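**Q** Just passing along the structure, written as structure tokens.
In the numbering used here, the protein residues as written are 718 to 997.
Quick look at the structure:
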């Protein structure tokens, strides 16, 4: 009997070890779910959505942009870092939301495309996303925008928080949608049987990044989020020491937030980000 139990324990250890190796080797495929398309096709899709190409100094496509007036560079700029699935043009609801404000402010919306997504070459990783996003945002400092705000959606909150930490004096505010404390904390919620803190290469430590920033931060949480536990977004909100406001859409899941351009939170969030001391 004792021998049988020992054999079973040995088998379980082998299975567990195999699972650990699988998780270590395939973790990026378990995190990033990019969709791709040719540049020609995406340019047509962008045109149909009222967007134009956002290119870097080498004329490489790095995302998409939209503004009330073609060629406008003044006013507020908002740069969107989207979630881990699809590609940037799937987030045109941010264009609809910001450009529908009609609040006497000019908004230019940039939606950044990650390496390996859309028509961009490369492979997605925390290092690649942060490095390329930093280059893109830094290029906007040379334009005539009066203010630059960042929007992070899900995994994009890790990119936005990193950039706020990197450029604290140049970023005028953050909107964090379905945020988390760190990717390690998210992993522990989903894979409690694994030593996630030791295995995970993609860290996205938002708690640490926000310690280097003191601008206004708006938090939008899905109350029934099944992917990023709402408790992690609340912890991040509570830990932040700068100007902050929290919006919770109760009953909404990770992918069912209300992004309708007529939703009241668009105006509430932008008013707070531009005037965090107004008490609005």
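Just so it is clear, CB atoms sit at the ideal spot from N, CA and C, and this is done for glycine as well. Note that the coordinates shown come from a computational prediction; the quantities given were computed from them, not determined experimentally.
#1: For residue 827, does the three-state DSSP call read helix, strand or coil?
#2: Quick check: the Cα distance between residue 759 and residue 839, rounded to an integer number of angstroms?
#3: Run through the DSSP bridge pairs and tell me what residue 962 is partnered with.
#4: Taking a contact to mean a Cβ-Cβ separation below 8 Å, would you say residue 888 touches residue 959 in this structure?
#5: Quick check on the DSSP output: the alpha helix (DSSP H) that includes residue 923 runs from which residue to which?
#6: With distances taken from CA atoms, which of 808, 843 and 951 is nearest residue 829?
#7: Tell me where the alpha helix (DSSP H) around residue 761 begins and ends.
#8: Would you verify that the beta carbon of residue 827 is, or is not, closer than 8 Å to some beta carbon of chain B?
#9: Starting from residue 941, trace the beta strand (DSSP E) both ways and give me its first and last residue.
#10: Answer with buried or exposed for residue 907, where buried requires no fewer than 16 other C-beta atoms within 10 angstroms of its C-beta.
#11: Any idea what DSSP makes of residue 945, helix, strand or coil?
#12: According to DSSP, is residue 874 helix, strand or coil?
#13: Kindly identify the DSSP beta-bridge partner or partners of residue 864.
#14: Is DSSP giving residue 721 helix, strand or coil here?
#15: Relative to the C-alpha of residue 863, which candidate in 939, 781, 775 and 792 has its C-alpha closest?
#16: Please name the residue, chosen from 962, 811 and 797, that lies closest to residue 874 on a Cα-to-Cα basis.
#17: CB-CB under 7 Å to residue 814, same chain, minus the five flanking residues each way: which ones, in chain order?
#18: What does residue 869 pair with, by DSSP beta-bridge criteria?
#19: Please state whether DSSP places residue 973 in a helix, a strand or coil.
#20: Do residue 948 and residue 924 come within 8 Å of each other at the CB atom, strictly closer than that value?
**A** On the basis of the data shown:
#1: As a working note, residue 827 is residue 110 in the chain shown. Strand, per DSSP.
#2: Here residue 759 is taken as the residue at index 42 of the chain shown, counted from 1. Here residue 839 is taken as the residue at index 122 of the chain shown, counted from 1. Cα to Cα, residue 759 sits roughly 17 Å from residue 839.
#3: Indexing the chain shown from 1 puts residue 962 at position 245. According to DSSP, which records beta bridges pairwise, residue 962 is partnered with 935.
#4: For the purposes of this step, residue 888 is taken as residue 171 along the chain shown, with counting starting at 1. For the purposes of this step, residue 959 is taken as residue 242 along the chain shown, with counting starting at 1. Not in contact: residue 888 and residue 959 (Cβ atoms no closer than 8 Å).
#5: Along the chain shown, one-based indexing puts residue 923 at 206. Run containing residue 923: 923-926, per the alpha helix (DSSP H) assignment.
#6: Residue numbering aside, residue 829 sits at position 112 when the chain shown is read from its first letter. It is 808 whose Cα lies nearest to the Cα of residue 829.
#7: Position 44 of the chain shown holds residue 761. Run containing residue 761: 756-765, per the alpha helix (DSSP H) assignment.
#8: Going by chain labels, chain B is absent from the structure shown, which holds only one protein chain.
#9: Translated into the one-based positions of the chain shown, residue 941 becomes position 224. Unbroken run through residue 941: none, as it is neither H nor E.
#10: Working through the chain shown from its first residue, we reach residue 907 at position 190. Exposed, because fewer than 16 other Cβ atoms sit within 10 Å of the Cβ of residue 907.
#11: For this step, residue 945 is matched to residue 228 along the chain shown. Note: residue 945 maps to coil in three-state DSSP.
#12: To locate residue 874, count along the chain shown from 1; it is residue 157. Helix at residue 874.
#13: Sequence index remark: in the chain shown, residue 864 carries index 147 (1-based). DSSP lists 793 as partners of residue 864.
#14: Position 4 of the chain shown, counted from the start, is the residue given in the question as residue 721. Residue 721: helix per DSSP, three-state reduction.
#15: Counted from its first residue, the chain shown places residue 863 at position 146. Closest option to residue 863, Cα to Cα, is 792.
#16: As a working note, residue 874 is residue 157 in the chain shown. Minimum Cα distance to residue 874 is reached at 797.
#17: Translated into positions along the chain shown, residue 814 becomes position 97. Result list for residue 814: 976, 978 and 983, in chain order.
#18: Position 152 of the chain shown holds residue 869. The partner list for residue 869 (beta bridge, DSSP) reads 798 and 893.
#19: Mapped onto the chain shown, residue 973 falls at position 256. Of the three classes helix, strand and coil, the one that applies to residue 973 here is coil, per DSSP.
#20: Locating residue 924 in the chain shown gives position 207, counting from the first residue. Locating residue 948 in the chain shown gives position 231, counting from the first residue. Not closer than 8 Å, so no.
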